[in-house]
Amino acid sequence: MSKFDLIVVGGGPAGYVAAIRGAQLGLKAAVIEKEHLGGICLNWGCIPTKALLRTAEVAHLLEHSEDFGFKVSGVKFDLKKAVERSRNISSQLAKGVAHLLKKNKVTVIEGAAKLAGKGKIDVTKKDGKKETVEAKNIVLATGARSRTLPGLESDGKLIWTYREAMVPESMPKSLLVIGSGAIGIEFASFYRSLGVEVTVVEMLDRILPVEDEEVSKFAQKAFEKQGINILTSATTRSLKKGKDSVEVTIDVKGKTEELTVDRVIVAVGIVGNVENLGLEEVGVKVEKTHVVTNEWCQTKVPGIYAIGDVAGPPWLAHKGSHEGVLCVEKIAGTRGVHPLDPTKIPGCTYSMPQVASVGYTEAAAKKKGMKIKVGRFPFNANGKAIALGEAEGFIKTIFDEKTGELLGAHMVGAEVTELIQGFVIARTMEATEADIMATVFPHPTLSEMMHEAVLDAYGKAIHY
399 MSKFDLIVVG GGPAGYVAAI RGAQLGLKAA VIEKEHLGGI CLNWGCIPTK ALLRTAEVAH
459 LLEHSEDFGF KVSGVKFDLK KAVERSRNIS SQLAKGVAHL LKKNKVTVIE GAAKLAGKGK
519 IDVTKKDGKK ETVEAKNIVL ATGARSRTLP GLESDGKLIW TYREAMVPES MPKSLLVIGS
579 GAIGIEFASF YRSLGVEVTV VEMLDRILPV EDEEVSKFAQ KAFEKQGINI LTSATTRSLK
639 KGKDSVEVTI DVKGKTEELT VDRVIVAVGI VGNVENLGLE EVGVKVEKTH VVTNEWCQTK
699 VPGIYAIGDV AGPPWLAHKG SHEGVLCVEK IAGTRGVHPL DPTKIPGCTY SMPQVASVGY
759 TEAAAKKKGM KIKVGRFPFN ANGKAIALGE AEGFIKTIFD EKTGELLGAH MVGAEVTELI
819 QGFVIARTME ATEADIMATV FPHPTLSEMM HEAVLDAYGK AIHY
């Protein structure tokens, strides 16, 4: 029996990061992965979708090429080439993860893992052979998968999950996206940018429901301007599959609508991969398909931890990676480890326009009884945004009126997924409005809008 100090079950962004950090801290570490290193994020999520969205951005620039002094004609789109590029990028990065694990002397065990008593894991290899490995500390990082709803199950041909949506054999003429979270909106944006007729159905009263309400409203208007049909307060009642199309019945604010589309993408959330791990047998608690943990990622069973998507929301790769580090550092007894504060985790949606946020929304801050100051600054008042031809969007900041603490920041517009990190650092360092106001922002940049949005909260904006 092979023995380790640390075994991580799952080689995604939470798992492989935990294993590498453990090895750096002197622990004999191993990763058990049954499918592919890098997990869903690297192989079927974060990375390949961004490669496809880059294709959509190029299409957007070509569409507006005359604004920049170009006359472009005869442009042809090669779907196979775009998908191939996306898959090659994923493959390249997966190999990079394997290299990093090898470099840090982390043992990689291929197979399906199942807890087999205190400190033991049975591993079933692809050829059916089994082996048992042992470790004092076991970290579960098995990730999650798309949620399915009765009557909306994917068939891989007409009704897609994110996997099929990333590798289409041909471009549909029309598409229905069920769900308007980050995944649904990114696919809606990608396909619409390439000429597909897109309809988005959202059960709640606004799209991107976790975002600040002002951002949601602005984003919806921008998407509708691009030609995306958005139905809120709507429920998909039935999908009737034909030979090469789907008849859809939707209840919208008390009325019934019917439409026919070529393909349907179901993006209604995710469920944790908790099956067949032996969790119940060893006493690990599971609620709503997610492993229950404390602030240190510990389950109630000594020596068993859970990180990343399987441990619950927010379902973000960077949240999982951070949990991997803090979990293993706590195991190793590293000084200065802090629990993860969910209000300091940024969220990003890579649509056009992009959406990014951190901390409390205006509504959430008010609900907590906080007295706040709110600042805003529009993209169309920023020189760099205008020069880029991306003058659509705004930045919003929320401060505690009494202490000046930055409570939240919310953005919609070009490159805000890159800009948000400035406010994330400010939240982490507990910066006040005075700290940010005293910071010199380079000119001309989009980041100047961050400064102005802070100034505006206190009636000091210069350029608006």
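Just so it is clear: in the sequence shown, position 233 is 631 by this note's numbering, and no numbers are missing. Backbone N, C-alpha and C fix where the C-beta goes; we use that ideal spot for every residue, glycine too.
Item: Residues near F839 by beta carbon distance below 8 Å, same chain, minus five either side; Value: S845, E846, M848, H849
Item: V407 and T540 closer than 8 Å at C-beta; Value: yes
Item: Terminal residues of the beta strand (DSSP E) in which H808 lies; Value: 804-811
Item: At least 3 beta-carbon pairs within less than 8 Å: the region 657-671 vs the region 551-563; Value: yes
Item: Touching by the beta-carbon criterion (3+ pairs, under 8 Å), the region 612-624 and the region 795-810; Value: yes
Item: Per DSSP, cross-strand counterpart(s) of S572; Value: E595
Item: Simplified DSSP assignment, three categories, for V470; Value: coil
Item: Simplified DSSP assignment, three categories, for Q618; Value: helix
Item: Which listed residue (G593, V537, F585) has its alpha carbon closest to that of G718; Value: V537
Item: CA nearest to the CA of Q624, picked from L853, G593, A428; Value: G593
Item: Beta strand (DSSP E) runs wholly inside the region 420-492, at least 3 long, in chain order; Value: 427-431
Item: Spatial neighbours of I729 in its chain, beta-carbon cut-off 6 Å, leaving aside the 5 residues before and after; Value: N535
Item: Distance between V852 and N780 (C-alpha atoms, nearest Å); Value: 15 Å
Item: Where V664 falls: helix, strand or coil (DSSP); Value: strand
Item: Proximal residues to E645 (C-beta, below 6 Å), its chain only, five neighbours per side dropped; Value: K638, T658
Item: Every unbroken alpha helix (DSSP H) inside the region 713-773 [4 residues or more]; Value: 715-730, 760-765
Item: Q819 versus V753 - alpha carbon distance; Value: 13 Å
Item: DSSP three-state assignment for D525, whether helix, strand or coil; Value: coil
Item: Endpoints, alpha helix (DSSP H) assigned at I823; Value: 814-826
Item: Simplified DSSP state of D403, which is helix, strand or coil; Value: strand
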